[in-house]
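Residue numbers (the numbering used here): 5 to 555.
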């Protein structure tokens, strides 16, 4: 007998054999037991989740002469005939190769005839979203008024591409991705049946790389069995799949957290030399740091992570050494690297640059430091000690101006420290220059974002240009006139001015301008100045009595 792939040989024979889709199989069994069978079903979901297998089980169950609890017996003449395809009342067709109107018209003509041996004639149409628009309209006609003996089961991975008129005439069942636990259990049952031992870590690796698809997992298992027929070890499976082991991922993560650049680059060299796919490795890293993020922020980790208990414990230990903000920054870097690697001829360079960036982000505790300093500052203000310290500093420091400590990178403040007034006897600064404002501009933008994010979207397109007579000019480039006009509204302008003065401990006023307008004014002044110089030269040459100036 010809060899059969594992996913075909061990295809589910009953609803109870379908893994991870209990919400669907229970409903279908109840419909069969209660004889409440619809005329059209839509099975949707990602590849390899059991859509076609469930459709075939359903086709046997509705026609079985000796069904048990809604399941087909697979022993009666009808079940055996459907299994070995000698009964023609269950028709399976591929919509990808039968897309035309003529194909659907032929289907309609054949569907009118009653079944030969079965109770129902069942049409299983796979990848139904591939049929043409005209074919969809032709199919719609028979879905509207089907014969009593006819059942349609439409399977698709892209239900959004189907017309709403077809969707509304079907009972829809969405197949979810199968969990790693269910995939491992099914693979272990198959291996027990064929008498082969396998390393549990290796089965976990196969399950993780199947992306929730049982068929993909069994195809990978089939490939691994061809490599070794006696026992499947973790190293064998690792070499067949061509992926990076979890040990290396954990080791690289530890290097990133510990800022060990030499070790991190050494691991990258090892990965490249072993011929691993860098794009796949970046995806594995993204998944790993995503799991670390879930560990840090979620209280219900077990339901959020589709991992074994041992791996969850290892993740928890590693998550203790990195903060949430560092993980988020690393995920952002990895996401950019994944996009760039798709189109780059040098993915290794992109990965190495990304690793160096991550070394600086993993232990980024700026947020915690800022919040700590903010709490201390608020305590000093409440106790009045901050003003005393400011007065003592003022007495001990010479006339050289110093920056106020009030504006020390306050990022996540819920309330801002009000501008100092005469009541607290803290003098406001009047000696601020444009360089100091530019140096502080980043913190001003952060403070604006915390206060009102819509205002931050406007002010971020401007930049401090000059300060004269205690008036700060903020300029916008050409193309951002809308931002300038919106921020000039009195409410927005007052709030921006307040934030700037809070950050600088000053009492300056602000105005907004377009860079092009400022350039035009400067050019006019320059031309006027040049004209005056020319007139003066003429007067000096010919004398004031001979020169007559006309406007």
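Glycine included, every Cβ here is placed at the ideal spot set by N, Cα and C. Every value quoted in this text rests on a predicted model; they were computed, and no experiment measured them.
Rounded separation between residue i and residue j - CA only
i: residue 207; j: residue 10; result: 15 Å
i: residue 520; j: residue 479; result: 9 Å
i: residue 416; j: residue 497; result: For residue 416, the predicted model reports a pLDDT of 42, less than 50, meaning its position is unreliable and no value from the coordinates is stated.
i: residue 246; j: residue 201; result: 21 Å
i: residue 63; j: residue 124; result: 8 Å
i: residue 313; j: residue 289; result: 19 Å
i: residue 482; j: residue 458; result: 20 Å
i: residue 37; j: residue 68; result: 12 Å
i: residue 249; j: residue 352; result: 18 Å
i: residue 452; j: residue 460; result: 5 Å
i: residue 490; j: residue 462; result: 8 Å
i: residue 19; j: residue 358; result: 47 Å
i: residue 14; j: residue 333; result: 44 Å
i: residue 348; j: residue 39; result: 58 Å
i: residue 275; j: residue 264; result: 17 Å
i: residue 96; j: residue 209; result: 34 Å
i: residue 231; j: residue 240; result: 8 Å
i: residue 364; j: residue 310; result: 30 Å
i: residue 98; j: residue 215; result: 24 Å
Option in the options with minimal Cα separation from residue i
i: residue 154; options: 127, 180, 168, 24; result: 127
i: residue 168; options: 195, 180, 137, 156; result: 137
i: residue 46; options: 37, 165, 69; result: 165
i: residue 60; options: 145, 39, 540, 83; result: 83
i: residue 213; options: 145, 291, 278; result: 291
i: residue 43; options: 53, 52, 51, 32; result: 32
Cβ pair residue i, residue j closer than 8 Å
i: residue 217; j: residue 188; result: no
i: residue 316; j: residue 301; result: no
i: residue 268; j: residue 296; result: no
i: residue 119; j: residue 93; result: yes
i: residue 436; j: residue 508; result: yes
i: residue 49; j: residue 179; result: yes
i: residue 147; j: residue 173; result: yes
i: residue 514; j: residue 504; result: yes
i: residue 354; j: residue 341; result: yes
i: residue 16; j: residue 71; result: no
i: residue 186; j: residue 308; result: no
i: residue 2; j: residue 90; result: Lying before the first or after the last residue shown, residue 2 is absent from the chain, which here runs from 5 to 555.
i: residue 160; j: residue 131; result: yes
Residue range of the unbroken beta strand (DSSP E) whose run includes residue i
i: residue 178; result: 175–179
i: residue 57; result: That residue, residue 57, is in no beta strand (DSSP E); its alpha helix (DSSP H) goes 55–67.
i: residue 471; result: 466–472
i: residue 1; result: Any question about residue 1 goes unanswered here, given that the chain covers just 5 to 555.
i: residue 515; result: 513–518
i: residue 127; result: 125–130
i: residue 156; result: 154–160
i: residue 247; result: Segment: none, residue 247 is in no beta strand (DSSP E) and carries neither H nor E.
CB-CB length for residue i against residue j, believed under 8 Å
i: residue 362; j: residue 260; result: 5 Å
i: residue 253; j: residue 345; result: About 17 Å; that fails the 8 Å criterion.
i: residue 191; j: residue 143; result: That pair is no contact at about 38 Å.
i: residue 242; j: residue 256; result: Their Cβ separation, rounded to whole angstroms, is 16 Å, which puts residue 242 and residue 256 out of contact at 8 Å.
i: residue 116; j: residue 151; result: 6 Å
i: residue 236; j: residue 203; result: 6 Å
Residue i, enclosing alpha helix (DSSP H) - first and last residue
i: residue 362; result: 351–365
i: residue 221; result: 218–231
i: residue 23; result: From DSSP, residue 23 is part of no alpha helix (DSSP H); its letter is neither H nor E.
i: residue 308; result: 305–308
i: residue 489; result: 485–491
Beta carbon proximity, residue i to chain D, threshold 8 Å
i: residue 128; result: The displayed structure is made up of one protein chain only, and chain D is not part of it.
Near the ligand FMN: residue i beta-carbon under 7 Å from a heavy atom
i: residue 467; result: This structure lacks the ligand FMN; in fact it carries no ligand of any kind.
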